[in-house]
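Numbering of the sequence shown is given in the numbering used here, commencing with residue 86 and proceeding in unit increments. Beta carbons: idealized from backbone N, C-alpha and C, even for Gly. Note that the structure is predicted; figures quoted are calculated from it, not measured. As structure tokens, the structure follows; a few thoughts come after it.
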Amino acid sequence: MASMSWDEAFSERYDAWAADTTADVPFYVGLAREADGPIVELAVGTGRVAIPVALATGRPVVGIDASPGMLRQARAHAAEAGVDLTLVEGDMRDLALREPAALIYCPFRALLHLRTWADRRRVFERVAASLRPGGRFAWNAFAFDHRVAIRVDGVRHEGPLPHTVRYAVGDNRIDLLLDGGGTSSLWWATKNEWLGLLDVAGLQLEALYGGFEREPLTDDSTEYVFVARR
Ligand SMILES: C[S@@+](CC[C@H](N)C(=O)[O-])C[C@H]1O[C@@H](n2cnc3c(N)ncnc32)[C@H](O)[C@@H]1O
Numbered sequence: 086m087a088s089m090s091w092d093e094a095f096s097e098r099y100d101a102w103a104a105d106t107t108a109d110v111p112f113y114v115g116l117a118r119e120a121d122g123p124i125v126e127l128a129v130g131t132g133r134v135a136i137p138v139a140l141a142t143g144r145p146v147v148g149i150d151a152s153p154g155m156l157r158q159a160r161a162h163a164a165e166a167g168v169d170l171t172l173v174e175g176d177m178r179d180l181a182l183r184e185p186a187a188l189i190y191c192p193f194r195a196l197l198h199l200r201t202w203a204d205r206r207r208v209f210e211r212v213a214a215s216l217r218p219g220g221r222f223a224w225n226a227f228a229f230d231h232r233v234a235i236r237v238d239g240v241r242h243e244g245p246l247p248h249t250v251r252y253a254v255g256d257n258r259i260d261l262l263l264d265g266g267g268t269s270s271l272w273w274a275t276k277n278e279w280l281g282l283l284d285v286a287g288l289q290l291e292a293l294y295g296g297f298e299r300e301p302l303t304d305d306s307t308e309y310v311f312v313a314r315r
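Structure, rendered in structure tokens:
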């Protein structure tokens, strides 16, 4: 099933796009080490985080993604690394697990690919229904900065791959348009929107950090790093 906000052409270039993103891996690995039961990554992509998690814990990781292209790469990378990933093609809005999870996590702002509040609410409700009592849900997303969005709107960037950013003010959306094809759209959300999603899903906020070193969230933080519990 193709995602509504993820262009398959982006998949072929994803590893190069994400090559510099590494700071989140130890954070999610740390949570996985503490998880006493099944571990699930939503929007697993090419396995960038799931493979180190599986290597560090010695446990299988279930990875769900809507993109066949991303999953193909995850399968190849997992085989190369010799780790056990259970890769499932599906939409995170339809999350349904065989066994309740001890940890569900969603790195690299992937929840921002969900277009509407209703889409996100559905994911949070599915997550709550799929966790063991006391199980954790962790994710990160940028704290949206209008100043940055205005600065980059319409500008072509060279790194990490040549691309142009489009800022659609009326839709709270950022489009990343790769030169030569591939689009990824992100619908940004505020802190209160995330807290409201926890509230409607019946999950408890355990921690909200301003970065992957677990630094406190301040008025100047540019990333939300959330840990919630059922
Ligand atoms: C930025 S990548 C993140 C990949 C990986 N988690 C990582 O951290 O490198 C976003 C991923 O979200 C997936 N995705 C987008 N919408 C989705 C949805 N509704 N359900 C499942 N996967 C989705 C895309 O296919 C893509 O693989």
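Item	Value
Below 8 Å on the Cβ atoms is my guess for residue 101 versus residue 245; work out the distance and round it to an integer in Å.	6 Å
The beta strand (DSSP E) spanning residue 269 covers which residue range?	268-272
Considering just the uninterrupted stretch of the beta strand (DSSP E) at residue 253, what are its terminal residues?	248-253
For residue 344, is the classification buried or exposed, using 16 other Cβ atoms within 10 angstroms of its Cβ as the cut-off for buried?	This structure gives no information on residue 344, because the portion of the chain shown stretches from 86 to 315.
Between which residues of its own chain and residue 153 is the CB-CB distance below 7 Å, once the five residues before and five after are set aside?	174
Mapping DSSP to helix, strand and coil, what is residue 87?	Summary for residue 87: the model assigns pLDDT 43, below 50, so the residue's position carries little reliability; its value from the coordinates is reported in the next sentence. Of the three classes helix, strand and coil, the one that applies to residue 87 here is coil, per DSSP.
Which residue marks the beginning of the beta strand (DSSP E) containing residue 172, and which one marks its end?	170-174
Say yes only if the C-beta of residue 126 is nearer than 7 Å to one or more non-hydrogen atoms of ligand 1, and no if none qualify.	yes
Using a Cβ-Cβ cutoff of less than 6 Å, which residues in the same chain neighbour residue 209 once the five nearest sequence positions on both sides are dropped?	282, 286
How close, in whole Å, do the beta carbons of residue 225 and residue 247 come, if the pair is a contact with beta carbons under 8 Å?	At roughly 25 Å, the Cβ-Cβ gap does not stay under 8 Å, so residue 225 and residue 247 are not in contact.
Less than 8 Å between the CB atoms is what I'm expecting for residue 129 and residue 148, so what's the real figure, rounded?	3 Å
Apart from the five residues on each side of it in sequence, which residues of its chain come closer than 8 Å, Cβ to Cβ, to residue 178?	199, 204, 207, 208, 211
What is the residue span of the beta strand (DSSP E) that residue 277 lies within?	No beta strand (DSSP E) holds residue 277; the alpha helix (DSSP H) holding it covers 276-286.
Please identify the residue among 139, 162, 161, 131 whose C-alpha is closest to the C-alpha of residue 150.	131
Exposed or buried, residue 254, counting other C-beta atoms within 10 Å across all chains shown (16 or more means buried)?	exposed
I'd like the span of the alpha helix (DSSP H) that includes residue 161, first residue to last.	153-166
Taking 7 Å as the line, does the beta carbon of residue 162 fall inside it for any heavy atom of ligand 1?	no
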